[in-house]
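Heads up: the sequence shown runs through residues 55 to 989, numbered per my numbering. Written below as structure tokens is the structure these notes are about.
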Amino acid sequence: MAESNATQVILTDDGLKIIKAQNTADSAASGVTDLNDPNLMSVIEKQTQAAQYAGLTSQYNVILARAKDASINTADLTIAYTNLNTFMTAILTDTTKASDVDRDTYKSLTDAYNTALSNVQTALKDAYNTDISNMQSSVAVASQAASSATIVASQATATGNNASQMASQALAAANQAQSAGNNATSIANNASQAASSAILVGSQAAVSANKASADYQTLSAGVKDGSVVHITTETVIDKEVIGTAEIANGAITNAQIGNEAVNSAKIADLAVGTAQIGDGAITNAKIGKLAVGTAQIANAAITDAQVGNVSANKLTAGTIDFNTITGKNINASNITTGTLSTDRLNVGKLSALSANLGDVTTGSLKGVDIVANSFSTPNGSFTTDSNGNVVASNLTIRGVTNLVYNAALLGNSGTYPNTLIPGWNLFTKGYYSNATLHDGVPSIGFNSSTGSGTWVTFAQSKLYPLNGLTGQPYSASVWFIEDGSEAAMKYQFTLAFFDANGNRLASGYAGNTWNGNPTAQGWAYKTINNIISPSTAVYVAIQYWAYNGTGHALFSSPMLTQTAQSTGYQPDTGNVVSAGEIDGSVINGSTINGTTFHGGDSISDSNNTSNFYPFTIEPTGKASTTLFNSMGALRTEMSGGGLRTMYRAINSSGSQYEAYDGNFSGDMISLNSGFTNGKDMSFSQSVSGSQLTGQVLISPLDGLTLHGDTQQITFNGTSADVTPKGIIITPYGNINPNGTQNIWYVGNGPTMKTASFGIDGSGANNIQFNRSLDIGNFNINTYHTITSSDNRPIHFNRANGSSVDIFAATVNYTSLVKSSLLSVKKDVKKADTAYWAQLVNSIDLATYQYKTDDNTSHLRLSSIVDDVNVTKQWQLPDVFISRDENGKLSGVDDSVLLNATLATVQEQQKQIDQLNGHNMELEARLNKLEAKLNG
55 MAESNATQVI LTDDGLKIIK AQNTADSAAS GVTDLNDPNL MSVIEKQTQA AQYAGLTSQY
115 NVILARAKDA SINTADLTIA YTNLNTFMTA ILTDTTKASD VDRDTYKSLT DAYNTALSNV
175 QTALKDAYNT DISNMQSSVA VASQAASSAT IVASQATATG NNASQMASQA LAAANQAQSA
235 GNNATSIANN ASQAASSAIL VGSQAAVSAN KASADYQTLS AGVKDGSVVH ITTETVIDKE
295 VIGTAEIANG AITNAQIGNE AVNSAKIADL AVGTAQIGDG AITNAKIGKL AVGTAQIANA
355 AITDAQVGNV SANKLTAGTI DFNTITGKNI NASNITTGTL STDRLNVGKL SALSANLGDV
415 TTGSLKGVDI VANSFSTPNG SFTTDSNGNV VASNLTIRGV TNLVYNAALL GNSGTYPNTL
475 IPGWNLFTKG YYSNATLHDG VPSIGFNSST GSGTWVTFAQ SKLYPLNGLT GQPYSASVWF
535 IEDGSEAAMK YQFTLAFFDA NGNRLASGYA GNTWNGNPTA QGWAYKTINN IISPSTAVYV
595 AIQYWAYNGT GHALFSSPML TQTAQSTGYQ PDTGNVVSAG EIDGSVINGS TINGTTFHGG
655 DSISDSNNTS NFYPFTIEPT GKASTTLFNS MGALRTEMSG GGLRTMYRAI NSSGSQYEAY
715 DGNFSGDMIS LNSGFTNGKD MSFSQSVSGS QLTGQVLISP LDGLTLHGDT QQITFNGTSA
775 DVTPKGIIIT PYGNINPNGT QNIWYVGNGP TMKTASFGID GSGANNIQFN RSLDIGNFNI
835 NTYHTITSSD NRPIHFNRAN GSSVDIFAAT VNYTSLVKSS LLSVKKDVKK ADTAYWAQLV
895 NSIDLATYQY KTDDNTSHLR LSSIVDDVNV TKQWQLPDVF ISRDENGKLS GVDDSVLLNA
955 TLATVQEQQK QIDQLNGHNM ELEARLNKLE AKLNG
């Protein structure tokens, strides 16, 4: 029997690789099975849970530390964490293998930990709120401290400035200190000697002081009659020290007794005796009556002194020279002889002369009041009778007329600095001021700069026509106040004449010029006198000038007169004739100047508490009309280029009365609604400020302005609209529907709307744009196209800047780019392609159609996200499923699936390479075998 040989099987490297690959495939299949087993925790889930549990542990440690600092009980939290940690440590010990897991236990431990954690966090929040409440009082104290710190800081700034100056001085003092130190030694030696001398002087001063004290004590005790006290020091004797004691003869020698030293005490009779009082011994004191007694005063004993109340009865002889003596109250009845010259006669009233004066043919009566029954000139050209009738062949009444138009600066309009005064040209530098007044008259000010070496006119009065009166004297005056100007600056007050074209004559003006003062000054009176009008002059006016610098000054109360001497200010009221009542049917004249003109009688109405007339013209030029009816009071005032209308309600249920004001000026129409506090029948309250409830302003500068709760612009439609239809523009500029209006459009007409905006309350009408819409670099046109105007990418982002999800049906694109920059990634590891290939191979693919597809739709192929069955019928690993922001299933994450498919291709390529190598080896062996068989 033939012996059979044993067959030897030799496994090559390729064979071993094939076996290894098969083992890997079996392992991957087992991993897929683990993913679908709810009682197992897969490797992927373990790795995810390990990262999350590390964050939970970090959070626990932080919360635990904060709770201990706040003395909060953490026993429940510690127990819950310990239980969860014990459970998770056992599972996460090896994250490379799947492990059994009790899902119910895992969930209960996690819930217990989250509940304990929430309780501790709530306690921490309550403790924080308590701390904040306790800190509020400290914050208040800190606020006061901050205020004090601000004051200290301001003081510190001033101190710092002083310190800077002191530092400079200290530097100079330091330089001097060295030389001073060199002299210190010799000065110290001298100081030692001076100290010794001072001790000696001090001892002597103590002796003198003791002596003076003894003198004072002796005098204080009183001086007895006849006793002698020697005063060796300079001691002042106070009042009442000597009292009524007598001063012994010879007690006072060369010393003088000062004013009032004796007071009311008398020097007794014969107290002086035969002794003479030395020259100047008695200064301003008087010697009372009988003080001298019967003694005679020697000749020339009284020199320049006056003797009061000398009786003329004692003058018995001698001569009085009236060239050196002025007599008063001389009784003329005692003048019996001689002649009294009338050129020396000063009589207060002619009635003092009882004789008939006869005819006084020469001389002048000046500065007196003449009271007569009648008066006439010698030729009878002017006469007055006892009834006051005046007959004159040629009568001109002339007063001192102020030729400055609107010298009182009435009717100012506009706002600072663009103020307007009727009759005045303020150019660009002048302004009106009612804050700086001279005797109640406003002023024109300059508060600007002229530039270097430049004269600037900042005010000129209205040109006054001379009417041919040339060669006449004119004078002017004004009040000036300095409010602080550069010293190099000058101001000038000018009286100027002008030609027929209003140009100032080159030689036809005179000015009063003075320098500016950096310090504010009081009012100063400036004058210009006796300026003769040139033959070519047609007008006259005054001007205010400034020169060479920056300053602030004001002019007030200007006066221009046709006189040789300037006069004080008076308003430009012209010549005034006071003649009582003038009766007549016709008054002919070019100008009538009156105080006040009334039209009709005072309005008879109980509410007319201010005695208004239907029509009134006031001296200021203001004209007003007033009306009262059952509802309210109405008044219109016109003055200074402005018109004001007012309405005041008569009745009200409270203290506030309805009121309206309308103001019309050249640059503004103002319509105000509001109220007055109490009944305002005098129209003294203004509807403004806190009493203003609504306002409409129309200005050529600012357009239309609305303010208030009811102020709006209302459009009510056309005449065909029975009910209002249109829009309402609110005070905020918003657009609301009016009536039945549902839309508001912009366009070229109803059929060519550019944009249509639905404004109905139901929201039924949309907003529609009928033209291409440009929003920055973003364009949306009417052809279903969104365009980037600058050819840059279009981004869809969330509010926080991150990208937002986009939901769409079919998306056609040229290329699809996924941001996969390493710079924005973390925890990057090399993927296990075999693992991902197994996941891909575990996917159940299906063909299907959407429920919305019709019979023309093509067949679809993809994986299935089973969101219907509790027990999943279609296999799709969770890693490929995408969820929305709420955690709900939303679809397949193609990005992960695509890269997993790439891993599958790479893994298959490895297997293909291995099989190709194995085939080549088999082919080689087969070739050798064939060669042997053929050989």
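Even glycine gets a Cβ: it sits at the ideal position worked out from N, Cα and C.
Collapsing the DSSP output to three states places Ala530 in a strand.
In this structure Asn456 is in contact with Pro625, their Cβ atoms being roughly 7 angstroms apart against a cut-off of 8 angstroms. Taking Thr604 as the centre and dropping the five residues before and after it, the same chain places the C-beta of Ser503 and Glu540 closer than 6 angstroms to its C-beta, in chain order. For Ile821, the CB contacts under 8 angstroms within the same chain, skipping 5 residues up- and downstream, are Ala809, Ser810, Phe811 and Gly812 in chain order.
Non-local beta-carbon contacts of Lys516 in its own chain, meaning distances under 6 angstroms to residues more than five positions away in sequence, involve Tyr459 and Gly477 in chain order. The three-state secondary structure of Arg825, taken from DSSP, is coil.
DSSP places Gln745 outside any alpha helix (DSSP H), giving it a letter other than H or E. For the alpha helix (DSSP H) assignment, the stretch 926-960 encloses no uninterrupted run of at least 4 residues.
For Gln597, same chain residues with a beta-carbon under 6 angstroms away, outside a window of 5 residues either side, are Thr511, Gln514, Thr548 and Ala550 in chain order. Around the beta carbon of Gly499, 16 or more other beta carbons lie within 10 angstroms, which makes this residue buried. By the criterion of a C-beta distance shorter than 8 angstroms, Gly675 is surrounded in its chain by Leu464, Gly465, Ser693 and Gly694, once the five residues flanking it on both sides are discounted. Asp493 sits close to Ser611, with the two beta carbons spaced by under 8 angstroms. The straight-line gap separating the alpha-carbon atoms of Leu110 and Asn139 is approximately 10 angstroms. Within the same chain, and ignoring the five residues on either side of Trp928 in sequence, the residues whose Cβ sits closer than 6 angstroms to its Cβ are Asp898, Ile918 and Asp920.
If you look at Ser611, you'll find it in the beta strand (DSSP E) that goes Thr604 to Thr615. For Trp599, the beta-bridge partners assigned by DSSP are Thr511 and Gln546. DSSP places Glu672 outside both helix and strand once states are collapsed to three, so it counts as coil. CA-CA distance, Asn831 to Ser842, rounds to 6 angstroms. Residue pairing from DSSP places Ala687 in a beta bridge opposite Phe682 and Arg702. Between Ala104 and Leu163, the CB-CB gap reaches or exceeds 8 angstroms.
Note on geometry: alpha-carbon atoms of Gly654 and Gly696 lie some 24 angstroms from one another. A Cβ-Cβ separation of about 6 angstroms places Asp721 in contact with Pro754 under the 8 angstroms criterion. No residue range can be given for Val865, since it is assigned to no beta strand (DSSP E) and is classified by DSSP as neither H nor E. A contact is defined here as three or more CB-CB pairs under 8 angstroms, and the stretch 870-889 fails this definition with respect to the stretch 965-985. Residue pairing from DSSP places Gln710 in a beta bridge opposite Asn731. Thr469 sits exposed, since fewer than 16 C-beta atoms from the chains shown fall within 10 Å of its C-beta. Taking 8 angstroms as the cut-off, the Cβ atoms of Ser620 and Ser727 do not count as close.
For the set Phe823, Asp881, Glu939 and Lys880, the Cα lying nearest the Cα of Val858 is the one of Glu939. The Cβ atoms of Asn819 and Ser826 lie no closer than 8 angstroms to each other. Here DSSP, grouped into helix, strand and coil, assigns Thr808 to strand. Contact check for Asp165 and Asn93: beta-carbon distance about 20 angstroms, past the 8 angstroms limit, so the pair fails to qualify. Val894 is the residue among Asp908, Val922, Val894 and Ser816 whose C-alpha sits nearest the C-alpha of Ser916. At the C-beta level, Ile704 and Ile723 stay beyond 8 angstroms of one another. Boundaries of the beta strand (DSSP E) around Phe500: Val495 to Ser503. The alpha carbon of Thr679 has as its nearest neighbour, out of Met685, Val871 and Thr699, the alpha carbon of Thr699. DSSP lists Phe436 as the beta-bridge partner residues of Ala446.
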